[in-house]
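Participant:
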Amino acid sequence: MDFLILFTIYYFICYNNSKLFLFLGFIPTKNNSKKKIQDYYGVGYLYNEYKKEAYFWELIKIAEKELIILSLLYYQDSGVAKGVLVLFITYLYQQLNGIYKPYILKKLNRLDYYSNTFI
1303 MDFLILFTIY
1313 YFICYNNSKL
1323 FLFLGFIPTK
1333 NNSKKKIQDY
1343 YGVGYLYNEY
1353 KKEAYFWELI
1363 KIAEKELIIL
1373 SLLYYQDSGV
1383 AKGVLVLFIT
1393 YLYQQLNGIY
1403 KPYILKKLNR
1413 LDYYSNTFI
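Heads up, the final residue of the sequence shown is numbered 1421 in our numbering, and it's a clean run with no missing numbers.
What follows is the structure in structure tokens.
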């Protein structure tokens, strides 16, 4: 049984890493300009939407959504606790948005800031 586990680990390290590097484009090719254009079209919204300093903003947006979902699931019976946690999470996201201003366009910064406002 131990041999099977070691063989499986060895297989994934040796054989799948070469495929992974080819897939991700770490091995240089002759047609780099075409590769860059394809990469740009694949994840172009990250290049166009965010500033270079705010490369992590997509992760913050995902973390906000996950925290809201987890707080809603964990406090199923207590409506007050759910409301307070959701308000706190969105307030924290709004403050981070005001500090970092992650978008290139000012309109997008204002839209994201005000879209998290509860009245």
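Glycine residues also receive a C-beta, built at the ideal position from the N, C-alpha and C atoms.
Closer than 8 Å by C-beta to Phe1328: which residues in its own chain qualify, once you throw out the five before and the five after it? Chain order, please.
Facilitator: Bear in mind that the predicted position of Phe1328 carries a pLDDT of just 46, short of 50, making it too unreliable to give a figure here.
Participant: Taking DSSP as the reference, what is the three-state secondary structure of Tyr1352?
Facilitator: In this structure, Tyr1352 counts as strand in the three-state DSSP scheme.
Participant: Where do the N-terminal and C-terminal ends of the alpha helix (DSSP H) with Thr1392 fall, by residue?
Facilitator: Note, Thr1392: alpha helix (DSSP H), 1381–1402.
Participant: I need the DSSP call for Tyr1405, collapsed to helix, strand or coil.
Facilitator: Strand, per DSSP.
Participant: For the stretch 1403–1414 against the stretch 1349–1365, are there 3 or more C-beta pairs whose distance is under 8 Å?
Facilitator: Because the criterion of three Cβ pairs below 8 Å is met, the stretch 1403–1414 and the stretch 1349–1365 touch.
Participant: When burial is assigned at 16 or more other CB atoms within 10 Å of the CB, is Tyr1416 buried or exposed?
Facilitator: The residue is exposed, with fewer than 16 neighbouring Cβ atoms inside 10 Å.
Participant: Who are the near neighbours of Thr1392 in its chain, counting only those whose CB is closer than 6 Å to its CB and skipping five residues on each side?
Facilitator: Contacts found: Asn1418.
Participant: If you run the structure through DSSP and keep just helix, strand and coil, what is Asn1411?
Facilitator: Note: Asn1411 maps to helix in three-state DSSP.
Participant: Assuming Leu1398 contacts Ile1362 (C-beta within less than 8 Å), just tell me the rounded distance between them.
Facilitator: Their Cβ separation, rounded to whole angstroms, is 6 Å, which keeps Leu1398 and Ile1362 in contact under 8 Å.
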